[in-house]
Amino acid sequence: MIKKIAICPKCKSKISCTGEEGDIVEVKCNNCGNNGKIFFVNLNEIDFYPVKEPFA
(Lines of atoms letter the chains of each structure in order from A and count residues from 1; the text may use other names and numbers.)
(Lines give C-alpha, C1' and ligand atoms only; values in the text may rest on other atoms or scores of the structure.)
Protein backbone atom coordinates (compact mmCIF):
# COMPACT_ATOMS: atom_id res chain seq x y z
CA MET A 1 0.00 0.00 0.00
CA ILE A 2 1.08 3.55 -0.75
CA LYS A 3 0.26 6.35 1.69
CA LYS A 4 -0.42 9.88 0.42
CA ILE A 5 -1.15 13.07 2.31
CA ALA A 6 -3.28 15.65 0.52
CA ILE A 7 -4.00 19.25 1.50
CA CYS A 8 -7.62 20.43 1.49
CA PRO A 9 -7.90 23.40 -0.91
CA LYS A 10 -10.57 25.06 1.27
CA CYS A 11 -9.20 24.88 4.82
CA LYS A 12 -5.60 23.66 4.23
CA SER A 13 -5.93 20.71 6.63
CA LYS A 14 -4.07 17.46 5.94
CA ILE A 15 -5.93 14.40 4.64
CA SER A 16 -4.13 11.06 4.55
CA CYS A 17 -5.17 7.99 2.58
CA THR A 18 -3.72 4.77 1.23
CA GLY A 19 -4.04 2.97 -2.07
CA GLU A 20 -2.25 1.07 -4.80
CA GLU A 21 -0.78 2.55 -7.98
CA GLY A 22 -3.64 3.17 -10.42
CA ASP A 23 -6.28 3.63 -7.68
CA ILE A 24 -8.55 6.67 -7.42
CA VAL A 25 -9.72 7.23 -3.83
CA GLU A 26 -12.53 9.61 -2.88
CA VAL A 27 -11.82 11.52 0.33
CA LYS A 28 -13.73 13.94 2.54
CA CYS A 29 -12.07 16.58 4.70
CA ASN A 30 -12.80 15.99 8.39
CA ASN A 31 -12.49 19.71 9.11
CA CYS A 32 -14.72 21.41 6.49
CA GLY A 33 -16.45 18.51 4.68
CA ASN A 34 -14.97 19.29 1.26
CA ASN A 35 -14.91 16.25 -1.08
CA GLY A 36 -12.10 15.35 -3.45
CA LYS A 37 -10.26 12.56 -5.22
CA ILE A 38 -6.73 11.27 -4.71
CA PHE A 39 -5.08 9.73 -7.78
CA PHE A 40 -2.34 7.15 -7.26
CA VAL A 41 -0.67 7.49 -10.68
CA ASN A 42 2.83 8.33 -11.93
CA LEU A 43 4.36 8.06 -8.48
CA ASN A 44 7.86 9.50 -8.23
CA GLU A 45 9.91 9.81 -5.08
CA ILE A 46 11.08 13.40 -4.62
CA ASP A 47 14.55 14.43 -3.48
CA PHE A 48 13.32 16.99 -0.96
CA TYR A 49 10.20 17.82 1.00
CA PRO A 50 8.56 21.20 1.66
CA VAL A 51 9.16 22.60 5.13
CA LYS A 52 6.55 25.37 5.32
CA GLU A 53 3.00 24.77 6.52
CA PRO A 54 0.55 23.55 5.37
CA PHE A 55 2.77 21.28 3.27
CA ALA A 56 5.29 20.23 5.94
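Residue numbers (UniProt numbering): 1 to 56. By construction, the Cβ of each residue, glycine as well, lies at the ideal position given by its N, Cα and C atoms. Remember, predicted model here, so these are calculated numbers, not experimental data.
Beta-carbon separation (whole angstroms), residue i vs residue j, contact threshold 8 Å
i, j, result
"residue 48", "residue 23", "Their Cβ separation, rounded to whole angstroms, is 26 Å, which puts residue 48 and residue 23 out of contact at 8 Å."
Neighbourhood of residue i by C-beta distance below 8 Å, restricted to the same chain and skipping five residues each side
i, result
"residue 6", "14, 15, 16, 17, 27, 36, 38"
"residue 19", "1, 2, 4, 25, 38, 40"
"residue 21", "2, 40, 41, 43"
"residue 9", "34, 36"
Alpha-carbon to alpha-carbon, residue j and residue i
i, j, result
"residue 31", "residue 53", "16 Å"
"residue 29", "residue 50", "21 Å"
"residue 11", "residue 33", "10 Å"
Nonlocal neighbours in the same chain, by C-beta distance under 7 Å from residue i, ignoring five residues either side
i, result
"residue 45", "none"
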